[in-house]
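> Please find one structure pasted underneath; my questions will follow.
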Amino acid sequence: MSLSVATVRLFTPAGWVIGTLHVPDGLGLLPFLNGDEAFFRMTNVSMPAQPETIPFLALQRKAVFIVVPGEDALLGLDEHERRTRHEVACMFAGGLVMGTLPLPKGVRVSDELMESEEFFAIEDCTVGIDATPDPVMEAEKLVFVHAAEIFGVAELDGE
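Quick note: the sequence shown, position 57, residue 840 per our numbering, numbers continuous.
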């Protein structure tokens with residue numbers, strides 16, 4: 784099986800993990816994240832408080848709160864159907880993501896996320912990390928949020 788590489792930043796209970804995921808050719812990052820494997824295999828990994836790059840890391844899927852894809856990533860988003868944009872805030876241990884959740888017309892945020900344990904895309908977002916002593920806020924074009932690991936979602940646009 785031929786693989787493509789995708790540079791990613793993953794937010795975990797230990798902080799940001801930065802490295803390369805090896806994704807089967809032709810498969811987008813989102814479908815890969817929502818695959819069956821319990822661990823993500825990463826190479827060229829940088830971790831908090833680790834001065835040297837780690838050649839390999841197997842990171843448990845359930846330890847990943849959010850994924851920020853690099854510019855080299857094939858995203859694998861379904862952009863064929865008309866979508867309604869919902870402003871949301873997703874809360875997880877250590878932070879939150881505020882941004883736009885595109886959903887098929889007529890689908891409510893609660894209906895989409897109540898049963899989901901998969902990763903989903905939030906666009907045009909702000910990521911807030913409660914990094915003691917100085918919280919960090921950053922803007923991102925797109926992040927993937929792990930529905931199984933968030934503990935709350937607020938719909939901010941009141942629709």
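Ideal Cβ positions, reconstructed from N, Cα and C, are used throughout, including at glycine.
Please read all numbers here as calculations on a predicted model, not as lab measurements.
How would you label LEU804, buried or exposed, when you count the other beta carbons within 10 angstroms and need 16 or more for buried?
The residue is buried, with at least 16 neighbouring Cβ atoms inside 10 Å.
> Would you call THR795 buried or exposed, if buried means 16 or more other Cβ atoms sit within 10 Å of its Cβ?
Result: buried.
> Who are the Cβ neighbours of LEU813 in its own chain at under 7 Å, not counting the five residues just before and after it?
These residues qualify, in order along the chain: LEU858, GLY859, LEU860, PHE902, ALA904 and PHE927.
> Are any of the Cβ atoms in chain D nearer than 8 Å to that of MET897?
Given the protein chain composition of this structure (a single chain), no chain D is represented.
> As a quick exercise: from PHE822, LEU840, ASN817 and ILE912, pick the residue whose alpha carbon is nearest that of VAL828.
Of the candidates PHE822, LEU840, ASN817 and ILE912, the one whose C-alpha sits nearest the C-alpha of VAL828 is LEU840.
> Pick helix, strand or coil for LEU939, following the three-state DSSP scheme.
It is coil, neither helix nor strand.
> Given this structure, state the Cα-to-Cα distance separating LEU810 from ARG824, to the nearest angstrom.
Rounded to the nearest angstrom, the two C-alpha atoms are 16 Å apart.
> What alpha helix (DSSP H) runs, 4 residues minimum, are completely inside the stretch 884-927?
892-896
> Kindly indicate the opening and closing residues of the beta strand (DSSP E) around PHE815.
Element bounds for PHE815: not the beta strand (DSSP E) but the alpha helix (DSSP H), 812-816.
> Helix or strand or just coil, what does DSSP make of GLU870?
strand
> To the nearest angstrom, how far is the alpha carbon of LYS888 from that of THR836?
44 Å
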